[in-house]
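One structure below.
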């Protein structure tokens with residue numbers, strides 16, 4: 182029983198760390214989001230600091246561009262066999278607000294620089310207290326903060342290069358119920374308490390390098406963003422055991438002081454990725470961009486966990502795969518001031534079926550976007566909406582449950598995103 186109790190705790194911590202880092206965000210500008218994030222081949226505003234820093238060499242003057250995205254996720258779960266009951270379980274109502282804020286300046290005819298603040302990796306999945314999978318995960322939250330100073334240089338009138346360092350901090354919160362029975366399906370065990378893990382990483386360092394080629398009608402872009410190694414040292418693992426339990430000799434079943442509040446160390450790696458794209462302006466009013474992105478998620482083979490209590494130390498195997506995205510965006514200039522935009526994204530999940538769980542029930546996604554922008558002169562306003570359709574993903578294949586915790590069923594998810602940005606030319 183002792184081993185079962187410990188391994189359940191470890192599987193929760195390991196899986197949640199990895200799956201949280203598997204959630205990549207790309208909505209960091211009102212214009213770019215409305216065009217499906219297809220922005221690597223053309224510089225329109227300060228958000229090029231995120232999408233392709235080389236584009237700064239083609240911007241003029243001093244500019245501020247910033248905004249946020251309201252993300253409203255929703256997930257439903259139904260047990261496969263069924264689990265506990267046939268009830269449809271839903272995540273709690275929640276919203277998240279990743280930001281994208283940029284400041285840029287053109288110093289000379291060829292040299293531009295700027296700084297951006299974004300949250301490109303994040304996760305938020307919280308279930309109700311009565312959720313049947315609360316012993317696997319009840320609440321998981323992750324948020325990264327990227328501070329990115331960049332420089333761009335125009336090599337020729339049509340070609341520029343750019344890049345700079347990425348300074349990264351990541352915060353994580355993970356909560357679940359704790360069970361004690363040593364059974365293959367650990368979530369079936371007797372609940373004896375709750376556990377919460379919180380932590381903030383050390384300052385991590387990465388970098389971004391990019392290039393852009395543009396003519397009046399054609400745009401080509403390339404970006405490489407390096408992986409980030411986030412180290413969580415002295416994170417807080419807080420255990421709360423229930424006061425009234427009907428289990429005989431409970432104290433004898435739990436290793437002495439094992440489930441006490443203590444420190445824990447681990448690491449989370451964000452993958453490196455490549456982005457390349459082509460833009461073409463078919464008419465004076467209409468243009469289209471298509472981008473391809475590749476993410477090196479296969480670096481996530483395992484996570485090593487180190488606790489004050491050595492008997493809790495564990496290595497968790499995950500085996501994510503590489504993934505890719507296709508992004509398509511278009512714009513139509515109705516007038517000199519009003520622009521209409523739309524886009525589509527195909528986003529292949531890196532998550533294997535045995536990792537699909539209440540922590541992050543991911544699936545290959547289809548995103549549909551639209552929006553508009555209005556130019557008031559020195560002021561630019563960009564608004565839009567995105568529907569993220571995850572569809573349904575089951576952890577049962579050919580009648581066999583694949584989830585490593587034995588918690589099998591079908592997840593159906595979607596997210597609604599509303600985004601807005603304001604740009605100011607000084």
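Numbering (my numbering), first residue to last: 182 to 607.
Note that CB positions come from ideal geometry on N, CA and C, so glycine has one too.
Could you work out which residue in the options is closest to residue i when comparing CA atoms only?
| i | options | result |
| --- | --- | --- |
| residue 223 | 414, 320 and 512 | 512 |
| residue 292 | 240, 257 and 309 | 240 |
| residue 325 | 457, 410 and 230 | 410 |
| residue 232 | 217, 243, 244 and 479 | 217 |
| residue 214 | 311, 571, 552 and 573 | 552 |
| residue 548 | 599, 560, 455 and 443 | 599 |
| residue 286 | 332, 542 and 554 | 332 |
| residue 392 | 401, 385, 386 and 384 | 401 |
| residue 518 | 491, 562, 394 and 582 | 562 |
| residue 515 | 340, 560 and 466 | 466 |
| residue 211 | 250, 234, 236 and 238 | 250 |
| residue 506 | 479, 483, 475 and 531 | 475 |
| residue 574 | 488, 593, 377 and 582 | 593 |
| residue 329 | 228, 420, 381 and 276 | 228 |
| residue 403 | 587, 586 and 234 | 234 |
| residue 360 | 385, 315 and 602 | 315 |
| residue 485 | 473, 449 and 379 | 449 |
| residue 261 | 595, 579, 596 and 604 | 579 |
| residue 445 | 501, 377 and 252 | 377 |
| residue 337 | 381, 566 and 236 | 236 |
| residue 532 | 238, 504 and 523 | 504 |
| residue 303 | 276, 313 and 604 | 276 |
Could you please give the first and the last residue of the uninterrupted alpha helix (DSSP H) stretch that includes residue i?
| i | result |
| --- | --- |
| residue 313 | No alpha helix (DSSP H) holds residue 313; DSSP gives it neither H nor E. |
| residue 230 | 229 to 232 |
| residue 580 | Residue 580 -> no alpha helix (DSSP H), and no H or E assigned at all. |
Residue i: buried (16+ other C-beta within 10 angstroms of its C-beta) or exposed?
| i | result |
| --- | --- |
| residue 270 | buried |
| residue 607 | exposed |
| residue 123 | Limits of the chain in this structure are 182 at one end and 607 at the other, which puts residue 123 out of reach. |
| residue 558 | exposed |
| residue 470 | buried |
| residue 508 | buried |
| residue 550 | buried |
| residue 301 | buried |
| residue 290 | exposed |
| residue 406 | buried |
| residue 357 | buried |
| residue 544 | buried |
| residue 560 | exposed |
| residue 589 | buried |
| residue 274 | exposed |
| residue 288 | exposed |
| residue 585 | buried |
| residue 536 | buried |
| residue 464 | exposed |
| residue 500 | exposed |
Is residue i helix, strand or coil by DSSP?
| i | result |
| --- | --- |
| residue 346 | strand |
| residue 418 | strand |
| residue 333 | strand |
| residue 388 | strand |
| residue 480 | helix |
| residue 549 | strand |
| residue 543 | coil |
| residue 451 | strand |
| residue 302 | strand |
| residue 413 | strand |
| residue 220 | coil |
| residue 472 | strand |
| residue 291 | coil |
| residue 194 | Interpretation of residue 194 is limited by its pLDDT of 39, a score under 50 that renders its predicted location unreliable; the figure taken from the coordinates is listed afterwards. Residue state, collapsed to three classes: helix. |
| residue 320 | strand |
| residue 557 | coil |
| residue 406 | strand |
So residue i is in the beta strand (DSSP E); what residue range does that whole segment cover?
| i | result |
| --- | --- |
| residue 212 | Element bounds for residue 212: not the beta strand (DSSP E) but the alpha helix (DSSP H), 211 to 215. |
| residue 255 | 243 to 260 |
| residue 532 | Residue 532 -> no beta strand (DSSP E), and no H or E assigned at all. |
| residue 604 | 590 to 606 |
| residue 286 | 280 to 287 |
| residue 396 | Run containing residue 396: none; DSSP gives neither H nor E here. |
| residue 507 | 504 to 514 |
| residue 273 | Element bounds for residue 273: n/a, residue is neither H nor E. |
| residue 464 | First-last for residue 464: undefined, no H or E at that position. |
| residue 269 | That residue, residue 269, is in no beta strand (DSSP E); it is neither H nor E in DSSP. |
| residue 574 | 560 to 575 |
| residue 240 | Counting along the chain, residue 240 falls outside any beta strand (DSSP E), and DSSP gives it neither H nor E. |
| residue 208 | No beta strand (DSSP E) holds residue 208; DSSP gives it neither H nor E. |
| residue 489 | Where residue 489 is concerned, there is no enclosing beta strand (DSSP E), given that its DSSP letter is neither H nor E. |
| residue 377 | 372 to 381 |
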